[in-house]
């Protein structure tokens, strides 16, 4: 087992290392008939591409995606879609030094303990480049959801100590901020903070928030495959995420039932809720409101200040990690969060179709009055 | 699909509703040879049993477990273990009123949207009694882990505004507190807070923290089935949980890399870490330190103060939910959190055994020098 | 792992041993709204019940099923359905002798090798009683299929050397034959053969054929989860089955393409096939014709003639297996074959619903012309 | 869902169409440390390559494999191994005619019914080229099994009416026969039969037999994931297979218990069986004997004689399928059968490691006497 497959009906399998031949993903179970092109997928990949601002690594990574199967005459065929992004600049020599010791905050030590040895070039499988497969697949899930009127939108909620209130922001501002932080004043402060952090050879973390709109009520399974549980796994499986919360999240712990409960209201018989502490999920099933969740992203572990560590023999040494590293990965992770959310929701939307006998009879054209 | 199965190798399937015949679970994949008795499982179930203090519902629930299969001569046989807890007091009449409307904060509305109708008796499948299956199975997972020197210990970290620092507490105090809160002064304050909350007809939430000791390095899979991702799903699948974090958790967002990174150190060649912001997990794989995570529990939605809601036709009404409900579920959820953690770790421990060819050759008695 | 779960969307998990507390099954993913009662399930269980003719064991087994969850107001709720059949006559003393040696043709030796020891009472988990869980769950799958106009009908095609041609038979005769063999002349011959076999202390095998009607084209997945591949696993997982074939089966090996290929024909534009060597499956996907497959059942291994074997220490000995055993299990296995087929088809019918974007948009009420 | 993933712990996912960019597979869960090179995998692929004799299609297909991930310093890393075989000669024009009608014996009709349209170029996903992914992955599984002393060997047992008895043959002869038929006299007869068949514009089928040696007792799970059930699914999922049998197979149906049961014997305490009607599997678990199974392969459906069919509107027409097609696929399918068997067994070997507590304690270095 190595756990590189995600999903039950809309299922993806990723492969690839930072400095191998490339990175890829196979999407199995995407419904037939979805219009798809490399351009559409590339647009998502470009959002995670480094080198766009001074707050991300200046490494040049074109990350051009190729569709290798599963699409015919511009539409998905229902068969597995293989996507590949070839690595264009393999520089094993850059990384040979780290073969000898364990970088703090990285997976060098744990991979070695698990597998007996490791592909140390650029972090190998535990590199942030692994998320290319997630985003390429997530792009297809997001396109699928769009067809059903469901949109998934993430943005930077905080970087270091600078945090925003999304309710006061305009969604259009997300793309205007180089940090995907829609409060543009806060975004400037965050840039200043990052500049200062970089100058100290240090790095920053932050919080990403994600909102799903247009999702009908009824999505999610009631016990272990609750919508929020599946989202939690999806998001926590992204490398640097240390926390996940939905709706009120950790703040619920100090609230009371009378303030936390969302009253049901109705408009001409259409049921909705007066507030949304639930984050759009009750009993693990979507309630028709917006889904809202947040992910905490740790500061990038690759920093140039001096750190203590040990080598493979346990001998202590100090290291200064040089090279081109992001001082913060939050902005680039925004589209990764969206991708994992889109994949999760696509999967649960499909399984929901099988929930009611009357729906199934209608689907197969059986008279439900018989 | 209804998502009542959890795990890959150590796999459980739960069933049952609050007011049906009973609640049960089938554990498939528990290794053969584990000493097991109903007494051992009952001890875990007793920890979630209500009626033990005035801060939990005074309902009498004996919740006696029966082993129906998979154990022979006092040991597990390797075949599925069926556990059942029969419901002794079915009182459908108590709940007939709630058939007509949607309780705020409950899953009444979402179940109806998903399935077209619902078993409204006591919340049906979405009742807290569903966790009986988790705890009964978790007891077996915990017993299995004990055999390998791994212990899973959860406790109440906060209730409402009262929070504790576990480092300053003694583990023995956990059982001394009726709230499983090992700082006994804080525990008394929390009791006073709960009493006040109850008198207002309101309810409280809190945070549960869990620590896993003795877990070797190397457990967890590197991409989607990361140890923290699997724990996140396990814990977020518990009814009232709104947030999950590991190690530094959400506080990582405002830290810097130089403060967040844990330095590797060594003692006679044995590698460990100077700090544990990682919570014992790097790259999704255990690093040999303690695993530490937290879950945020929302205030019990069943409160006796007046609430706004609608009926099945969307007609507004006000409700006062009467009956015997916990003013806080945190203490009873402690063992549920432990159970889900134990199940997750047992599963990943087993899959880890297949990670290295040399280990496999040794297992099957093949000379590894050939 | 112990592999007691079957299916992806319509998923079952069985438990129980021959001489334990009972036998049961949890069905997870059965769509909500299916009318269900214990009587309906019992009718299927009665078809596998022993003691009905002199060709099955005279053991008295009432095998009364109880629904423990997942049904409310006479309909399935969409939540897991737990079914249990308690063992009424536990006679461990009858079987203590076989604890000491390995019965030829049984799983005594392999269970011991796998698990280190075994529940030797009546074969434990490897007893034919394990199929009670399959049939109870299969009854629900069959009821579900009926709602969609799909029927699954199996019957005895051969016992020992006596074989029939179903095309020449009337379906109504299946129930008229105590062996479920619809050629009543052949059925009498088979009875005579069985009587003779029993008098020799020996046992017989046979072939079961199964026909599925009403299945629309398009069911089954194209690569590993082909309809015939999934059926093969389902049927071969029944204890005594040694072979599986679909349509022309093994006879295809000596045919030529020009005789084996089924021509497509049409009636007012509705496509069908002139012949059905394919057995209703092309490329792993149903083609709208009848599905036809066969299973080879080995002679019951429990025979009273003297056999050579060894004990747990490898010491040779001779054994005469006494007790109440079926001289042939084919008739009782007919409903087991039907059950496994129904479960397989129900699962693939559900997953098929997610195959086309246009169907999904229609399901969720999205205008497909946009 | 499209069912392109196979296996639980040793898991593969295939992709690709006959005339798309290429064919590939991702192997996830291969243990770390296995020596692996493209040469080793290529050797297996070459065995299924066409153009080697006049009895296979003269199409030139180099089918060169590339390892794209998961191997470092000549050994597997434990992370997903991506293998790709690019299609070098895409000739969509060759196949445009078949877009208009349904070829008898092919999946044209069923794919269209399932997905609403199809990639008609060369059969798309239902082409025999899909097996490239199986063989590439199977090569790795076979290499893994070799390290444990397990070998999987298939060969042609029959072509049309010519059948052989393997017991009388020498294994070395398998490679000497261009049909992989180790009785060289029979092989010549089969060649003559094929020549005659080709001259008639017709095609032939046959039977492949496979023998697994060196497999320890205890492999396979007792209920749904029986070794023979898993093999059945694996083998029946290969395009042209219509039947599967293990050990005595269909011949068991007319045997009696006294002739079919295999007596246990022992040699210095080591248990074995006097005969092997079981085919090495009892109760779904390997018994330490050779595993023997057979697969029936239908005659190639692409034949040049005139056939009746219909077009997409149901209008009847006659077709003569021209082009370069195998008159028999049995010889090329031999390595495909081996591959699927190797994948199945590798997966079940790994899951078996988790069966006994005492083995697990030993694995993790816990004193089993405590």
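Protein chains in written order, with the numbering used here: chain S, 1 to 370; chain C, 371 to 740; chain H, 741 to 1110; chain D, 1111 to 1480.
Heads up, the beta-carbon is just placed ideally off N, CA and C, and yes, glycines get one too.
It should be emphasised that the depicted structure is a prediction, and the values quoted were computed from it without experimental measurement.
So residue i and residue j are in contact, right, with Cβ under 8 Å, and what is the actual spacing, rounded?
i, j, result
"residue 194 (chain S)", "residue 204 (chain S)", "6 Å"
"residue 1412 (chain D)", "residue 1435 (chain D)", "4 Å"
"residue 957 (chain H)", "residue 1027 (chain H)", "5 Å"
"residue 1236 (chain D)", "residue 962 (chain H)", "6 Å"
"residue 1465 (chain D)", "residue 448 (chain C)", "6 Å"
"residue 1141 (chain D)", "residue 727 (chain C)", "5 Å"
In chain order, what residues of the same chain lie with their CB nearer than 6 Å to the CB of residue i, ignoring the 5 residues before and after it?
i, result
"residue 923 (chain H)", "904 and 909"
"residue 26 (chain S)", "13, 80 and 82"
"residue 848 (chain H)", "842"
"residue 1270 (chain D)", "1303 and 1314"
"residue 213 (chain S)", "151 and 290"
"residue 951 (chain H)", "893, 1030 and 1032"
Comparing C-alpha positions only, which one of the options sits nearest to residue i?
i, options, result
"residue 498 (chain C)", "C:717, C:700 and C:721", "C:700"
"residue 1415 (chain D)", "D:1407, D:1409, D:1405 and D:1429", "D:1429"
"residue 1263 (chain D)", "D:1276, D:1139, D:1272 and D:1269", "D:1276"
"residue 1357 (chain D)", "D:1391, D:1369, D:1380 and D:1407", "D:1391"
"residue 209 (chain S)", "S:180, S:227 and S:200", "S:180"
"residue 1487 (chain D)", "S:334, S:67, S:39 and S:18", "Absent from the model: residue 1487 (chain D). The displayed extent of chain D is 1111 to 1480, so no value can be given."
"residue 1023 (chain H)", "D:1224, D:1186 and D:1396", "D:1224"
"residue 577 (chain C)", "C:664, C:570, C:389 and C:640", "C:664"
"residue 490 (chain C)", "C:466, C:625, C:727 and C:457", "C:466"
"residue 1000 (chain H)", "D:1387, D:1352 and D:1477", "D:1352"
"residue 526 (chain C)", "C:448, C:515, C:737 and C:544", "C:544"
"residue 621 (chain C)", "S:196, S:177, S:322 and S:158", "S:158"
"residue 804 (chain H)", "H:888, H:779 and H:883", "H:779"
By Cβ distance below 7 Å, which residues in the same chain neighbour residue i in space, the five residues on each side in sequence not counted?
i, result
"residue 1446 (chain D)", "1158, 1241, 1244, 1245 and 1348"
"residue 347 (chain S)", "7, 8, 9 and 10"
"residue 1048 (chain H)", "1056 and 1058"
"residue 714 (chain C)", "600, 601 and 604"
"residue 614 (chain C)", "602, 605, 606, 663 and 665"
Starting from the C-beta of residue i, find all residues in its chain whose C-beta is less than 8 Å away, skip the five residues before and the five after it, and write them out in chain order.
i, result
"residue 1105 (chain H)", "none"
"residue 1422 (chain D)", "1210, 1211, 1212 and 1222"
"residue 363 (chain S)", "353"
"residue 1005 (chain H)", "1011, 1012, 1013 and 1014"
"residue 1432 (chain D)", "1414"
"residue 1184 (chain D)", "1145, 1146 and 1147"
Legend entry - 3 or more residues per run - each beta strand (DSSP E) lying fully within the region 538-617 of chain C: 576-583 and 611-616
Mind listing, in chain order, the continuous beta strand (DSSP E) runs of no fewer than 3 residues lying wholly within the region 464-543 of chain C? 521-529
- Message: Within 8 Å, do at least three Cβ pairs link the region 1338-1355 of chain D to the region 968-975 of chain H?
- Response: yes
*Which runs of the beta strand (DSSP E) spanning at least 3 residues fall entirely within the region 1408-1470 of chain D, listed in chain order?*
1417-1420 and 1426-1429
At a cut of 8 Å, does the region 769-777 of chain H reach the region 1148-1158 of chain D through at least three beta carbon pairs? no
Practice problem: Enumerate, from N- to C-terminal direction, the unbroken beta strand (DSSP E) stretches of 3 or more residues contained entirely within the region 383-442 of chain C. | Solution: 392-398 and 435-437
Pairs of beta-carbons, one from the region 808-818 of chain H and one from the region 384-393 of chain C, closer than 8 Å: are there three or more? yes
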